[in-house]
Amino acid sequence: MYRLYLFQILCIFSVHTIGLPEYIKKARCHINRPDIEKCMKENGNKIIPLVAEGIPELNLPTMNPLHVDFIQMINTPQLQVNISDIKVYGLNRMKIQDIKARFSKGVSKLFLTNENITVVGKYNAKGKVMILPVVGEGDFSVYLENGVYNETVLSKVVKRNGEDYVKRIDTF
Ligand SMILES: *[C@@H]1O[C@H](CO)[C@@H](O)[C@H](O)[C@H]1NC(C)=O
Ligand SMILES: *[C@@H]1O[C@H](CO)[C@@H](O)[C@H](O)[C@H]1NC(C)=O
Ligand SMILES: *[C@@H]1O[C@H](CO)[C@@H](O)[C@H](O)[C@H]1NC(C)=O
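As structure tokens, then:
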């Protein structure tokens, strides 16, 4: 979610141009720039820590940490695992390593890394793993070190006020 927002902020340029924070306006890269990938990478890395604090103008809550209420993580007849009260720390340290922008084809790729993401929350499990019964609940914490997060982003080019803009198409 976070990555897609970032991409959108960098290249959409939706109707709400007015009222966007100045640092986002400045981070935009013109679609016709020959060095658009470099521009998106550099500007993106600059604004990630700021975007992570949330953007009230876009109703984007803070992602530092990111809160998720509930995920039904495993839901099979054999095993059910729910997690809740999830907090993800470290998204503000996301780094864009590379961008392959193919706007005319509508498919772009983002190559991101993060040295240090921590996820904490509560879990609830019921079922069987192999033949062992699993029943329990409690706190969990997961530490993701040196993660690589490759993302494919679908987009289309739209015209607004006679100018070309890139608009993300939601993939989920
Ligand atoms: C990872 O992040 C946690 C929480 O912010 C911090 O306590 C820890 O020192 C960090 N570890 C590294 C290797 O940066
Ligand atoms: C997981 O959540 C679902 C949907 O709320 C619920 O029906 C199920 O009983 C929960 N399972 C466990 C193990 O808590
Ligand atoms: C992610 O993309 C980069 C650059 O294209 C590539 O070198 C790397 O192998 C990919 N990693 C994964 C886990 O897909």
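In terms of the UniProt record's numbering, the sequence shown opens at residue 1 and continues consecutively.
All C-beta atoms, glycine included, are put in the ideal place defined by N, C-alpha and C.
The DSSP assignment places complete beta strand (DSSP E) segments of no fewer than 3 residues inside the segment 91 to 136 at 95 to 100 and 107 to 129, in order along the chain. Relative to the Cα of V129, the nearest Cα in the group P21, P77 and E37 belongs to P77. For L66, the enclosing beta strand (DSSP E) starts and ends at L66 to N75.
Look at K126: its beta carbon is less than 7 Å from one of the heavy atoms in ligand 2. Membership of L79 in the beta strand (DSSP E) is indicated by the continuous run L79 to Y89. Judged by the Cβ position, Q78 fails to qualify as a neighbour of ligand 2 at the 7 Å threshold, every heavy atom of the ligand being at least this far. Where L50 is concerned, the enclosing alpha helix (DSSP H) starts and stops at I36 to V51.
Each of K100, V153 and V81 was checked against the Cα of P133, and the nearest Cα belongs to V81. In terms of Cβ geometry, G121 and S84 form a close pair [threshold 8 Å]. Taking each of P56, E37 and G44 in turn and checking the Cα distance to K95, the smallest one comes out for G44. Note on geometry: alpha-carbon atoms of V158 and N32 lie some 13 Å from one another. Between V88 and I117, the C-beta gap is smaller than 8 Å, which places the two residues in contact.
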